[in-house]
Amino acid sequence: MAPWFTNGTCDPFHPESKPCTIGNYVVYAVDVAKPEHVSTALKFAKEHNIRVVPRNTGHDYNGKSTGAGALAIWMHHLKDIEIKDYKDTHYQGKAIKMGAGVQGGEAYQAGYNAGLQVVGGECPTVGISGGYTQGGGHSALSSRYGLGADQALEWEVIDGEGNFITATRDNEYSDLYWALSGGGGGSYGITWSLTAKAHTGTPVSGYNLSFTNDGMSQDTFYEAVSLWQTVLPSVVDAGAMAVWMFTNTSFMITPLTGPNIPVADLEALVKPFTDGLTKLGITYTTYSKQFDSYLEEFNAMQGAIEVATAQYGGWLIPRSVVETNNDGLTAAYRHITEDGATFIGVGLNVSKALVGDVDNAVLPAWRETLIHTTITTPWKWDARSEMLAEQDKMTNDYISALTKVAPNSGAYLNEADFRQPNFQKYFYGDNYATLRKIKAKYDPNNLFYATTAVGSDEWTVREDGRLCSV
189 MAPWFTNGTC DPFHPESKPC TIGNYVVYAV DVAKPEHVST ALKFAKEHNI RVVPRNTGHD
249 YNGKSTGAGA LAIWMHHLKD IEIKDYKDTH YQGKAIKMGA GVQGGEAYQA GYNAGLQVVG
309 GECPTVGISG GYTQGGGHSA LSSRYGLGAD QALEWEVIDG EGNFITATRD NEYSDLYWAL
369 SGGGGGSYGI TWSLTAKAHT GTPVSGYNLS FTNDGMSQDT FYEAVSLWQT VLPSVVDAGA
429 MAVWMFTNTS FMITPLTGPN IPVADLEALV KPFTDGLTKL GITYTTYSKQ FDSYLEEFNA
489 MQGAIEVATA QYGGWLIPRS VVETNNDGLT AAYRHITEDG ATFIGVGLNV SKALVGDVDN
549 AVLPAWRETL IHTTITTPWK WDARSEMLAE QDKMTNDYIS ALTKVAPNSG AYLNEADFRQ
609 PNFQKYFYGD NYATLRKIKA KYDPNNLFYA TTAVGSDEWT VREDGRLCSV
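Position in the sequence shown counted from 1, then plus 188, gives you this note's numbering.
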C-alpha cells in the first residue's frame, strides 16, 4: 500500500544490474499469542537496540508498518471478539471488545450477528484497534456516531517497558486512554485489545451516482462539482456519509451511506444536486437501495477494495469554507485534478454537537470538517525520479493549494502527506505537547517510532532506512 517506503526493494521492476537487498523491510518478526510475548519482544529489542514495528494488517499509506532492520511485532492473529454490556460514568450500553488483529469486516459480521452496528473503516481489511482508531478513524457511520476514536471505551496495551495496562477514561491511566484515542498509532504502546461502543442495528440505505464530462465544457463539469459541495451540509446533517471521487473527466458518488435513513429520504437529500445536474444538461446514472442492516449495505455498496499503489496527500476542509469560499475551493480542486491527480472526498459531520460526551486526542480541526480531502497520484514502479518529482508536487503544490484555502485546518494523519511541513501542528494541533509528555511517560526509552508519529521529529532516517536520533 505504500510503495514509496519499499524504495524499489526487489520488486518485479528492480533492475537486474543492481543488488537485491532486504532494504526497508523488517528482518525479524514475532507472531504473538499472549501479552507476555509482546513484553519479551520489547525487552529483546531494547537490549539489542533494534527498531520496533507493531503490525496487524500493514494497511498504512505512510510506511508505519515497515522499517529497515526492524523487529515486527505481529498482532494479526489476535482475533477474539466479545459482545458485552458496558457501563461507566460516561456510557452505558452495548460494546464490542476486539483483539488487536480484528479487521473491520470481522467486527461488522460480529455486530450483525448480535443485531448491532460497529464503527470501522470503509475497507473491510482495516484493523480497527490499531492505527485506524488511534489515528481518529472515519467511517460510513460517522455522521451518525462520530469517528472511530469517539467509540473507544477501554484499551488493553503493553507500554514501552513491557507493562500490561488497562486504560479507561476514568482510571489511573486516563492520560494513556486519551492519547490512544486519536493521538496517532505507533507512539505510546502496543495495543492488545480495544473495547468500543456498539450501536443498535438499523436499516441502512446506499446511493451511487456518476457522470462524465462527455459533451460539456470543463466549466460546466466543475460547476457540477461545486454544486455537490453546497448540497453536502444538509446531507451529512441528516446522518449520511458520502464518499465521492473525481478526475478532470469523471465524477462518482460511491457510495452515499444513510444509516436509519429510508432510501426515499436519501434520494430526496440528493435531489437538489440531481436537479442542478439536469439544469446544467448533464446526463447521470444512479443506483439506490435500502438494506436491512449495515453489513448488507456494506457488502453490496462498498465491499472489498483492491490494494492501491499511489502517492497520497490530504487536507480537512471546514464547513465554513464551503459556506464562504466555495468558488475558491473548487478552483483549487480544479487545478489539482486538471494537473492529473485524483480527488477522493469523504463528506461527514463529526462535530462536538454530534459526538457528545467524548474526551480524546482527535485533531480539533475534525470537529469543524465537512470534507476530508484525499489527493492521489498514480505510482510508477519503474520511474523513481518521476515519483520523487510527483511527491514534491504533492507537498508543495497540491496540499499547499488546499492549505491556502483552509489555513487554520489540518489533515487526517492516516491519509495525509508524509512530508507535510509542521506535521505536529497539522496532524495533532494543540494536543501535540501533551501527547509528547504522555509518550515520554509510557515509552521512556523511545522504542516506538513511526513516520510523522509523536516524537518522530527527534529521529532521522538514513538513506539505508536505519533510524538515528537527531
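Every residue gets a Cβ at the ideal spot worked out from N, C-alpha and C, and that includes glycine. As the structure is a prediction and not an experimental result, all values here were calculated from the model.
D515, enclosing alpha helix (DSSP H) - first and last residue: 507 to 526
- prompt: With distances taken between CB atoms, is the gap from S481 to L454 smaller than 8 Å?
  reply: no
message: Please give me, in chain order, every unbroken run of the beta strand (DSSP E) with length at least 3 that falls completely inside the stretch 318 to 383.
response: 340 to 347, 352 to 356
field: Inter-stretch contact at 8 Å, needing at least 3 Cβ pairs: the stretch 511 to 530 / the stretch 449 to 468
entry: no
- prompt: Are the stretch 354 to 371 and the stretch 269 to 281 in contact at 8 Å, needing three or more beta carbon pairs?
  reply: yes
task: Out of Q406, M429, S414, point me to the one whose CA is closest to N396's CA.
output: M429
- prompt: In angstroms, rounded to a whole number, what distance separates the CA positions of P506 and K206?
  reply: 48 Å
query: Roughly how many angstroms lie between the CA atoms of K234 and L364, to the nearest whole one?
result: 21 Å
- prompt: What residue from N448, G211, Q417 has the CA that sits closest to G516's CA?
  reply: Q417
query: Quick one: any contact between the stretch 570 to 581 and the stretch 535 to 548, if contact means 3 or more CB pairs under 8 Å?
result: no
- prompt: Going by the beta-carbon positions, is the gap between Q478 and T390 smaller than 8 Å?
  reply: no
task: State the Cα-Cα distance for the pair G309 and H326, rounded to the nearest angstrom.
output: 6 Å
- prompt: Between A221 and M263, what straight-line distance do the alpha-carbon atoms span, to the nearest angstrom?
  reply: 8 Å
Contact belief for V593 with N513 at Cβ below 8 Å, rounded distance in angstroms: 7 Å
- prompt: Which parts of the stretch 244 to 269 are runs of the alpha helix (DSSP H), unbroken and 4 residues or longer, counting only runs that do not cross its ends?
  reply: none
- request: Taking the CB atoms as reference points, tell me whether T640 and F611 lie closer together than 8 Å.
  value: yes
Buried versus exposed, by CB contacts within 10 Å (16 or more), N548: buried
query: Once you ignore the five residues that flank T437 on each side, which residues in its own chain have a CB closer than 7 Å to its CB?
result: T400, N401
message: Between the stretch 608 to 626 and the stretch 338 to 345, can you find at least three pairs of beta-carbon atoms closer than 8 Å?
response: no
- prompt: Is the distance from the Cβ of S501 to the Cβ of I587 below 8 Å?
  reply: In the sequence as presented, Ser is not what sits at residue 501; that position holds Gly. Yes, these two residues count as a Cβ contact at 8 Å.
message: Report the CB separation of V642 from S375 in whole angstroms; it is logged as a contact under 8 Å.
response: 5 Å
- prompt: What are the start and end residues of each continuous alpha helix (DSSP H) run of 4 or more residues lying completely inside the stretch 552 to 640, in chain order?
  reply: 572 to 581, 587 to 593, 620 to 630
- prompt: Tell me, which residues are paired with K275 by DSSP?
  reply: Q280
query: Using the C-alpha atoms, what's the distance from P447 back to Y457?
result: The sequence given here places Leu at residue 457; Tyr does not occur at that position. Each residue's alpha carbon lies about 13 Å from the other.
task: In the DSSP assignment, find the beta strand (DSSP E) that holds K477 and state where it starts and stops.
output: 473 to 479
- request: Check whether the Cβ atoms of L335 and G319 sit closer than 8 Å, and answer yes or no.
  value: no
task: Find out if the Cβ-Cβ distance for the pair Q322, L368 is shorter than 8 Å.
output: yes
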